[in-house]
Amino acid sequence: MSNSSDQLEEIKALISSGSKCLAYSTLLHFQEQSSGDPTSIQALAGMSQTLLSLIVVDISDDDEEIAALALKCLGFMIYHPSLVAVIAVDDANLIIESLVRLIMTTKMKSVCNLGVWCTSIQQFNAPFLDSHYNSLLQAVVHALDNPIGSLSTTFEAIQALIKLASNLSERMRDSSHLWAPPIYRRLLSFDKKERDMSERCLLKIKPIILPPPLVLSKVLVKDMKQILLTKMKELLNQGMKVQAIHAWGWFIRLLGSYAMKNRQLTNEMLKIPENTFSDLNPQVQIASQFAWEGLIDALIHPPILACETNASKEEKGVQHLQKSRETSDRIQANGFLKSIRLVMTPLTGIISSKCDISVHSSCLNTWCYLLHKLDTSVNDPSVLKLVLEPFCEAIFRLGPHSKSVSSWNLCLDLLDDFILAKCKDVEYVTSNSASHHLSATKFLWKQYSVKWLPWDISQLDFHLNIIFILISQASIATVNHEYKSFACDAALRLFLSVLKGVRLELEKPSTNYNDIMLCLGIVLRFIKKICEDVSSEGSDGSDGSDLHHTCLQFIDAVTKELQPATLESPLYKVSLDLKYIDKLQSVNNIRHAKFMEICSIIHMNMVSPVVYLLVAYLCVVFQSTMKTSKTELILQGIHKYFKFLFSSYDPLETLLAMISLLYNYVSPHCLNIWVAIAKGLTDCIDDVKELSLLRMESNSTGFLAICSLLSYPFSVCSCPQKNSASLVSGFSQQPHVSPQRKLDFEHVFEVWKTLYSSLKTSQNVYCSATNSFLEDLYSMLNGCLDEHARMLDGANDLDLSYKDLDLDLLSLYGNVVICFLEENNTSEVGSDKSRHKHIGDCKISSNLNVSLRFASRFLKVLCTKLATEPPTGLLVTSRLFSALACVISCLHMKQDIVLFIEVVHQPDNILSTAPMGVTYRDMG
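Numbered by the working numbering, the letters in the sequence shown go through residues 146 to 1069 in order.
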């Protein structure tokens, strides 16, 4: 301590003796050494008042070296916190006054630089600086445009400005018209160092000057008219487009909303980016994007949407959002939409063009900045129409190629977050959901928060329109398969998010009948639109399978996401307005439908939403399995879809609607569909062990529906194919069935038998209703045999491609007859106890009666076939006679024997007209 004090005393003596250069050099060295030495700092603090009084005088010395050394020593004294703390107010006042006077009067460059440097590093508190604000600002502004023309002095002045801005932000903002012009004018300098220096300053003080105070904007307008606009054009003409557009971005920011009051000047300024946006140089285009954010800052000052929380409407943590009509009116009245349209025009053009990926990325960043600046007004429907829809459409048109996948994923993530905002609390923060794709996409977007608010029913159409754009892109014939699949998956992802919001709306107690019908109507219209679109010519070919499959997934999603309480409610009937059904009626096989006692689906009938969806689903299925190669995947979907329908909704309503459509398109091709549906019903029955429609009385609609379902494969084989019209004339071509997918009637029978067994197991097998069920089934199958007999009579008129169905039908019927007979062997005839069992008024032999009558009827048809064209290789006949022989061997009761004799001795019965040996031999 004493050593330090002694050194300082020696320095003081040197100053007093006139050896100032040596003294200040020694003092400066001492200060540098004392930075990490508390003892030396303490010694300096003790002598600070004496030293400062000497230093303040010498900073104005005519000797440049002395003045410079004194300023360096002064800088240390007013920078170090321990030393600043002990400086008296009077001494501080003297220091500031001396520095200001020095900066304003000195003609020595180095001295001026050091004086401004002292101002920039001083650590006096804000209240003290405020008391000297005007003089300090005057000195700094003088240094900015110093008479010496020193760039280094300007640099130090900029640092001093930044220091003042950090301490006195409000006062600096109020006086920005005094100090900002010397900064922004240098943006147009031909000297790169000067431009960079000015821009770094503006970036650091940006929060203070933006949005700009009116007084600053007015000064800038004068500057623009007088010199700046001309200088920008000069830069453009000299090929310095990046520099010109960079400066333009700052100028338009500093004009702010005042730009709209100077339209002529603004229009002149807009010619600058008009020139640079069209430049082929990616660097110029990127610079233009960045500068365009300046226009966003200037023009986008949105009125905030009113967010009204109503406690009575709050449900499941989601607050009811009501948009203020007054806010929308203000948006329209103040030209806000015109400003947005101006901002969006070049962005949409750039993102639609085939430019460099870096330009696209920059454009996306600018667009995200716009979304951020729009604040909650981004949720206004009129704003969304201008900002979100055209931009997303442009990106989706490009497709998810390697260069545009980040753009694609960004839009998907933004849209998904917007849609899912419906299911979250009203919070003005960006969703934190993770990006499903590229982390770079997430980073680009997360620079700016987007204030999505929960949307209401009025915006449902908007979301579905965006999704439809995706689907439309996937339907373009020139788009490759990978893109089609990607687009379909993206559309489904967004649609599932939309359905969550719709479900939330439908489940609200506050949602009235009209709003529910509105929601359902919008969703069903969308389903109708995509269903009808996939049937267009543009979706032909193998790639169309993606669209058909996606369409089915959309219908499946609605059926599963929205609750049965809504979709099957009799309160919410909708018109069955599908064009497919309208065309279907013109080719309806009325005679066949009447025979099957099924009421056809009628165009424009009022049906429940779930029936509407089911009909739409089957309409797409009929087309997809005819026209695409993705049959297996679609058939698996049918299986799962109908299992869900039978399990979750009214099975009778589902069954009737499904059968009505099936019987309007009786074709071998549809057996695949029937198999998938039958499996779904079988799984449902096996899971729940009962089905409500099976507990109905005999001759009920439920029993007729079940019988009709079981009869469908026989109807397919027995119906004259030349009259079995397609659903619509446009689909009369041969079905698209691969060789591996040829109809396997053995498989059809196995599915039939499994369904039949499940149906019998799920009810009381020996009840009267069951016997009636078998009678009804026999009646329908007998009718199919009659139909087949008529088909044989007109055999010459049949298309040769369907000849094989004759054998298939015989095999199918034979297997069913065997099934019935074997069932009697095991459950009725083969058991002594069973032979004497009665349930109600129903004797045990009644089922045997039905089985034998059906066997007899089948053998009669077989006899007719033998007389015309004996079939070869029909192995089912030997199994049939074995089953009959087994039945005969089990007959013990008189009434059973009499019944068998009565049945088999019908006229033209093969069993009564030919020896058994002949029968076996002739039938192979």
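Don't be surprised by glycine CBs; every beta carbon is placed ideally from N, CA and C.
As the structure is a prediction and not an experimental result, all values here were calculated from the model.
Considering only residues of the same chain and omitting the five flanking positions on each side of residue i, which have a CB-CB separation below 7 angstroms?
{"i": "glycine 875", "result": "Because the pLDDT at glycine 875 is just 36, under 50, the model does not fix this residue reliably, and the value given afterwards should be weighed accordingly. If we look at glycine 875 and ignore the five residues flanking it on each side, it has no Cβ neighbours."}
{"i": "glutamine 194", "result": "Ala233, Asp236"}
{"i": "proline 327", "result": "Val286, Leu289, Asp290"}
{"i": "leucine 492", "result": "Cys508, Thr511, Trp512, Phe536"}
{"i": "leucine 816", "result": "Pro858, Val861, Leu888, Val893"}
{"i": "cysteine 263", "result": "Leu216, Leu219, Gly220, Ile223, Leu244"}
{"i": "valine 201", "result": "Leu239, Ile240, Ser243"}
{"i": "serine 903", "result": "Thr827, Ile830, Asp831"}
{"i": "valine 760", "result": "Leu721, Leu723, Ile726, Ile746, Ala802, Leu806"}
Residue i: which of the options sits nearest, CA to CA?
{"i": "leucine 709", "options": "Phe791, Gln152, Arg340, Ile485", "result": "The amino acid at residue 709 is misidentified as leucine; the sequence shows proline. The candidate whose alpha carbon is nearest that of proline 709 is Phe791."}
{"i": "glutamine 178", "options": "Gly847, Gln268, Cys218", "result": "Cys218"}
{"i": "phenylalanine 894", "options": "Trp819, Gly825, Thr906", "result": "Trp819"}
{"i": "histidine 446", "options": "Pro357, Ser996, Ile390, Lys386", "result": "Pro357"}
{"i": "cysteine 166", "options": "Tyr658, Ala213, Ser720", "result": "Ala213"}
{"i": "proline 427", "options": "Leu380, Ser503, Asp368, Leu492", "result": "Ser503"}
{"i": "arginine 638", "options": "Glu650, Thr656, Asn625, Leu609", "result": "Leu609"}
{"i": "serine 507", "options": "Ile540, Val1043, Ala432, His322", "result": "Ala432"}
{"i": "phenylalanine 848", "options": "Glu920, Trp897, Leu993", "result": "Glu920"}
{"i": "leucine 159", "options": "Gln304, Ser149, Leu172", "result": "Leu172"}
{"i": "serine 620", "options": "Phe300, Gly544, Pro599, Val550", "result": "Gly544"}
{"i": "valine 755", "options": "Glu932, Ile700, Glu777, Asp341", "result": "Ile700"}
{"i": "histidine 814", "options": "Ser805, Leu780, Met925", "result": "Leu780"}
{"i": "valine 364", "options": "Lys351, Ser320, Ile350", "result": "Ser320"}
{"i": "isoleucine 441", "options": "Met749, Cys500, Ile485", "result": "Ile485"}
{"i": "phenylalanine 965", "options": "Gly294, Leu922, Asp931, Pro292", "result": "Leu922"}
{"i": "leucine 707", "options": "Val760, Phe175, Leu649", "result": "Leu649"}
{"i": "cysteine 633", "options": "Gly646, Phe613, Leu415", "result": "Phe613"}
{"i": "leucine 487", "options": "Val532, Leu663, Asn960, Phe335", "result": "Val532"}
{"i": "threonine 691", "options": "Leu651, Val703, Gln768", "result": "The residue you asked about is not threonine; residue 691 is aspartate in the sequence shown. Here the closest residue by C-alpha is Gln768."}
Could you give the C-beta distance for residue i and residue j, rounded to a whole number, given that I count them as a contact under 8 angstroms?
{"i": "alanine 271", "j": "asparagine 312", "result": "4 angstroms"}
{"i": "isoleucine 616", "j": "isoleucine 675", "result": "6 angstroms"}
{"i": "arginine 969", "j": "valine 1043", "result": "For the record, residue 969 in the displayed sequence is asparagine; it is not arginine. Going by Cβ atoms, the distance from asparagine 969 to valine 1043 rounds to 16 angstroms, so no, they are not a contact pair."}
{"i": "isoleucine 540", "j": "valine 643", "result": "At roughly 19 angstroms, the Cβ-Cβ gap does not stay under 8 angstroms, so isoleucine 540 and valine 643 are not in contact."}
{"i": "methionine 803", "j": "leucine 758", "result": "Actually they are not in contact, since the Cβ atoms of methionine 803 and leucine 758 sit about 12 angstroms apart, beyond 8 angstroms."}
{"i": "glutamate 209", "j": "methionine 249", "result": "Actually they are not in contact, since the Cβ atoms of glutamate 209 and methionine 249 sit about 17 angstroms apart, beyond 8 angstroms."}
{"i": "leucine 153", "j": "leucine 197", "result": "Rounded, the Cβ-Cβ distance is 12 angstroms, inconsistent with contact."}
{"i": "isoleucine 899", "j": "threonine 827", "result": "Contrary to the premise, residue 899 reads as threonine rather than isoleucine in this sequence. Confirmed, Cβ separation roughly 5 angstroms."}
{"i": "alanine 168", "j": "isoleucine 156", "result": "5 angstroms"}
Using the beta-carbon count (16 or more within 10 Å), is residue i buried or exposed?
{"i": "proline 183", "result": "exposed"}
{"i": "threonine 490", "result": "exposed"}
{"i": "glycine 716", "result": "Strictly speaking, residue 716 in this sequence is leucine, with glycine absent from that position. With fewer than 16 Cβ atoms within 10 Å of its Cβ, leucine 716 is classed as exposed."}
{"i": "histidine 626", "result": "exposed"}
{"i": "tyrosine 658", "result": "exposed"}
{"i": "aspartate 561", "result": "buried"}
{"i": "glutamine 430", "result": "buried"}
{"i": "glutamine 383", "result": "exposed"}
{"i": "lysine 386", "result": "buried"}
{"i": "serine 162", "result": "exposed"}
{"i": "isoleucine 372", "result": "exposed"}
{"i": "histidine 983", "result": "At histidine 983, the pLDDT of 41 sits below 50, so the modelled position is not reliable; the number obtained from the coordinates is stated separately. Histidine 983 should be labelled exposed."}
{"i": "glycine 646", "result": "buried"}
{"i": "alanine 566", "result": "buried"}
Take residue i and list the residues in its own chain whose beta-carbon comes closer than 6 angstroms to its own, dropping the five residues that flank it on each side.
{"i": "threonine 575", "result": "Low confidence applies to threonine 575: its pLDDT is 38, below 50, so where it sits in the model is not reliable, and the reading given next is rough at best. Here the set comprises Ser594, Val595."}
{"i": "glutamine 434", "result": "Ser507, Cys508, Thr511"}
{"i": "histidine 277", "result": "Ile241"}
{"i": "proline 1060", "result": "Only weak support exists for where proline 1060 lies, its pLDDT of 41 falling under 50; the value from the coordinates is given anyway. Contacts found: none."}
{"i": "serine 343", "result": "Ile328, Arg331, Leu332"}
{"i": "phenylalanine 422", "result": "Ser433, Pro491"}
{"i": "threonine 704", "result": "Leu758"}
{"i": "alanine 821", "result": "Leu780, Ile783, His784"}
Please go through the same chain and pick out, in chain order, the residues whose beta-carbon is closer than 8 angstroms to the beta-carbon of residue i, but skip the five residues on each side of it.
{"i": "leucine 323", "result": "Leu282, Val286"}
{"i": "glycine 480", "result": "Met405"}
{"i": "proline 226", "result": "Gln268"}
{"i": "methionine 751", "result": "Lys718, Val719, Ser720, Leu721"}
{"i": "isoleucine 307", "result": "Ser265, Cys346, Lys349, Ile350"}
Quick one: which unbroken alpha helix (DSSP H) runs of 4-plus residues sit fully inside the region 366-452? Chain order, please. Counting whole runs of 4 or more residues, the region 366-452 contains the alpha helix (DSSP H) stretches 374-382, 386-400, 408-422, 427-444.
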